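Data block below; observations after.
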Amino acid sequence: MSRITIPIGPQHPLLKEPLSLVLEAIGERIVSASMRIGYVHRGIELLCQRRTYVQNVHLFERVCGICSQVHTTAYCQAVEALLGLEIPPRAAYIRVLMCELERIHSHLLWLGVLAEAIGFTTIFMYAWRDREIVLDLMEELSGGRVSHSANIIGGVRIGVSSEQARLLEGQLATFAEQMEFFRELLDRDRSFHRRTQNVGYMSLEMVHSYGVVGPAARSSGCTVDVRRAAPYAAYPSLAFEVISASEGDVWSRAQVRLMEIMQSLSICNQVIEALPGGPLAVGAPRRVPPGEVVTRCEAPRGELIYYVRSDGSERPARIKVRTPTLPMLMVISHLLPGLETADVAAVMAGADLCVACADR
Amino acid sequence: MQTLAKLAQVLILPGALYLIVASLFITWLDRKLVARGEGRVGPPWFQPMADLLKLLAKEDISPLGTDEKISALLPMVSMASTMAAGLCIPVGNSVVYPFEGDLIVVLFLLSIPTLAYFLAGWVTPSVYGVMGGNRSLLQYFSYEVPLLMSLAAPAVYSQTWSVTGLMDAQQGYRWHVFFLPVGFALAMVGLIGKLKRVPFDIPHAKSELGAGPLTEYSGRKLALWKLTVSLQTLVGINLLVAAYLGGADRIWAHWGFAIYAVKVVFLVVGLAFVQVSYARLRIDQMAESGWRVLVPLGILQMVVTIWMGKA
Amino acid sequence: MSRRTSRTYLVPHLLKNFLQKRTTVSFPYGPLDLGESYRGQVVVDIDACVGCGRCARDCPTGSLVVEHLDGGGIRILHFYDRCASCGQCEISCTPKAIRLDPSFRAAAASREELRGEWIRD
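Listed below in structure tokens is the structure:
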């Protein structure tokens, strides 16, 4: 049988964002895979050096569309640490609320994309329709569906009024009922099982050697979640479970993400009930004293690391962002050989890649 | 005079014009039902016609390395053979060219588009085309045998190898679907495989291969291909309605078309329901299910049919 | 792993979709209602403005220009084609003279139409 080269090129119906994957296959079996990224590189780490700390909050929100809130949370935490500021408790809780709502919407988006990639368009439509509930909630709270502008250095910009809190509780309860459908889907749908079970197995050794993080790592046996390992914002006072599984295939990643949605719902409800009163933000000086800081947050895709170095002026000297998709991209080229061509779609969509995050 | 009447039948009703118009209608119906099942609004009634007209007006580009003559010939051959098959299958109470043995001819003519689909992928320089063509050939081998067996079963049962004869043999509501239910199920599955719909839309799996063999087609040739797919759907459903569901039932001369139309819509609803409920299979899973499940069921159906005839 | 698999979990949802209203909003053929908190276009209350220029200084895209006119007046220019609707101007403004309006129908045929200008003499 002959060897053919299949380009899952920069433009392909499978990919949400451009990325070049060149597969070599013999018949239908993949022999090797090589990847090239950088198509969405915007030079954000250089752009941020030319803007002030205040302006950079909005720049980092636009690194990625689906994890915008957690990027700004990490950045604001880093700058607040350099300034020696402590944000008010109300701000910490609201940051957690927005981060968890974003986690829910990101996982549902991913579920829809996975279903579309394996040909199950119905589930794609249903998942994205239920995602609208969460997006409308975020728009009600912050004024935007995916770019919220919720964080500022020193706290948050948005408040949660009591009508908004009632609305949140009601909509999240409706949403929780809809999630039961997806639980049944994962448990019962045989065609979904045939396409996602025992596909794209990633062992715990691979997770450790490539540094894979997030739900993908937790579905292969890892139990690290930054919200538990190095808690930030209001997480120390909230109760939630760290979900982990050990099967390591695409189905298991779907299972872990679905359970994380349920945990996020529980966290949101705790936040609404326990939301403390008080100011939304403290004043922050514009000049940041010299220093360097590393801060970590749990983005929907895994551990997000921000390194910020300041030289005493209004502009940062260097900011380095390590996004969780980078290790996943590195390990994908090693997961693919040995699979059938059709499984590439399931693995690529199931890996929850956010190439905009990875390229910055 | 008779020649003119026959020519009108071939070209207008129930020939070419009817086939094209009706196939556009059932394409719209299918898209609307699938959209409603998914929770969307769905296209308006004129959408398939608008798509066809738009494609006919677009520029026709082929990449360097395509065999131009063959790739231009293939959609025309597919459309012609599908419509020729449609001429032998009853529509309502009328049929253009029935003869004893036309079931075999119809099945042969309906396989030509599948082979043309494979060739369409083979002659393009695009990897997606070649891979899609390979997959479509493997899929053809997996579902064609069960489909042939499922259509041979009513022929053996009713002792006739003409499609019109099959319809006549089911008069008085003695539909084959009641006596040969397994055969009907196999025929539906085979039809879904032939039409390359979910869960068997593997050759043009959007998320893996772009559009498969048709990736590099554009303009008028693509319009003919899309029309061929619509025509295949209609002709295949006509065949199933005539062979298993009793066709027009020959009860009322003037209501024959309405009865046939109801059955066609019923089958379209069934196809749309399957499209909405399943994920796409992998090609090896499809081949496995074809030979491990469908072919034994087909053999079982044939054995039962022969036994029923003897008894 | 063997779990009892069944197709029937999906059928009630399919039927419900046929009978329920679509969730699709048919904008612009139908109304679209965004809440009051939606961040759309920038609107300036020029009488409340003190001309500090913080909005222009803190704007991430540089879409605001504050000019001091001879005679003590203020002129504020906003280039909506550069604006990201982030709301930083609203946060930075001390007298709360600048705010984001929920209007979202802003398509225009030329860049000049996308400019907002407020003058106080």
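Residue numbers (numbering that gives the first Met the number 0), protein chains in the order written: chain A, 0 to 359; chain E, 0 to 310; chain U, 0 to 120.
No residue lacks a Cβ here, since even glycine has one placed at the ideal position from N, Cα and C.
Because the structure is a prediction, the values reported are computed rather than measured.
If the five residues before and after R2/A are omitted, its C-beta is found closer than 8 Å to the C-beta atoms of E23, A24, I25, V30, all from its own chain and listed in chain order. In the structure shown, V320/A falls within a strand segment according to DSSP collapsed to helix, strand and coil. For R35/A, the enclosing beta strand (DSSP E) stretches over residues 28 to 35.
The three-state reading of DSSP puts V65/U in strand, counting E and B together. The residues Y52, V53, V56, C75, V78, E79, A283, in chain order, have a CB closer than 7 Å to that of I152/A in the same chain once the five nearest residues on each side in sequence are set aside. In this structure, DSSP gives W160/E a state outside helix and strand, which the three-state scheme calls coil. Closer than 8 Å at the C-beta level to chain U, one finds these residues of the segment 118 to 146 of chain A: T121, Y125, R128, E131, E138, E139, L140, S141, G142, G143, S146.
Exposure of M0/E is indicated by the presence of fewer than 16 other C-beta atoms within 10 angstroms of its C-beta. In this structure, the beta-carbon distance from L108/E to A83/E falls below 7 Å.
Residue contact with chain E for S190/A: present (Cβ-Cβ distance below 7 Å to some residue of chain E).
Cβ contact annotation for L237/A (same chain, cutoff 6 Å, sequence separation greater than five): I266, Q269, in chain order.
If one requires a minimum length of 4 residues, the alpha helix (DSSP H) runs lying completely within the segment 199 to 230 of chain E are 205 to 208, in chain order.
Residue pairing by DSSP puts T4/A in a beta bridge opposite E23/A. Interface flag for V273/E against chain U is unset, since no Cβ pair is found closer than 7 Å. Per DSSP, H192/A has no beta bridge partner at all.
When the five nearest sequence neighbours on each side are left out, the beta carbons in the same chain lying within less than 6 Å of the beta carbon of A271/E are those of D29, L32, V33, in order along the chain. For A84/E, the uninterrupted alpha helix (DSSP H) run begins and ends at 67 to 86, by DSSP. Taking every protein chain shown into account, the CB of H67/U has fewer than 16 other CB atoms within 10 angstroms, so this residue is exposed. The beta carbons of K205/E and P12/A sit closer together than 7 Å. One Cα belongs to I305/E, the other to Y277/E, and the distance between them is close to 34 Å.
Apart from sequence neighbours up to five positions away, the residues of its chain that approach R219/E with a beta-carbon distance below 6 Å are L55, D59, ordered along the chain. The bridge partners DSSP lists for C296/A are L303/A. Per DSSP, reduced to three states, the secondary structure at P47/E is helical. Pairing T294/A with S105/A, the inter-Cα distance amounts to about 22 Å.
Here DSSP, grouped into helix, strand and coil, assigns I331/A to helix. Exclusion of the five residues before and after M178/A leaves D129, L257, I260, M261, L264 as the residues of its chain whose Cβ lies within less than 8 Å of its Cβ. In the DSSP assignment, R359/A is bridged to no other residue. Scanning the segment 122 to 197 of chain E for uninterrupted alpha helix (DSSP H) segments of 4 residues or longer gives 126 to 157, 162 to 168, 175 to 178, 180 to 194, listed from N- to C-terminal end. Using a CB distance below 8 Å, the part of the segment 3 to 17 of chain A facing chain E consists of I3, T4, I5, P6, H11, P12, L13, ordered along the chain. Around the CB of P275/A, fewer than 16 other CB atoms lie within 10 Å, so the residue is classed as exposed.
Scanning its chain for C-beta atoms nearer than 6 Å, with the 5 sequence neighbours on each side dropped, one finds around Y37/U the residues P101, in chain order. Burial check for H40/A: the Cβ neighbour count within 10 Å stays below 16, so the residue is exposed. Put simply, the CB of T7/U is far from chain E, with every gap to its CB atoms at 7 Å or more. Around the beta carbon of P180/E, a 10 Å sphere encloses fewer than 16 other beta carbons of the protein chains shown; the residue is thus reported as exposed. In this structure V287/A touches L81/A by the C-beta definition: roughly 5 Å separates them, less than 8 Å. As computed with DSSP, S148/A is found in no beta bridge at all.
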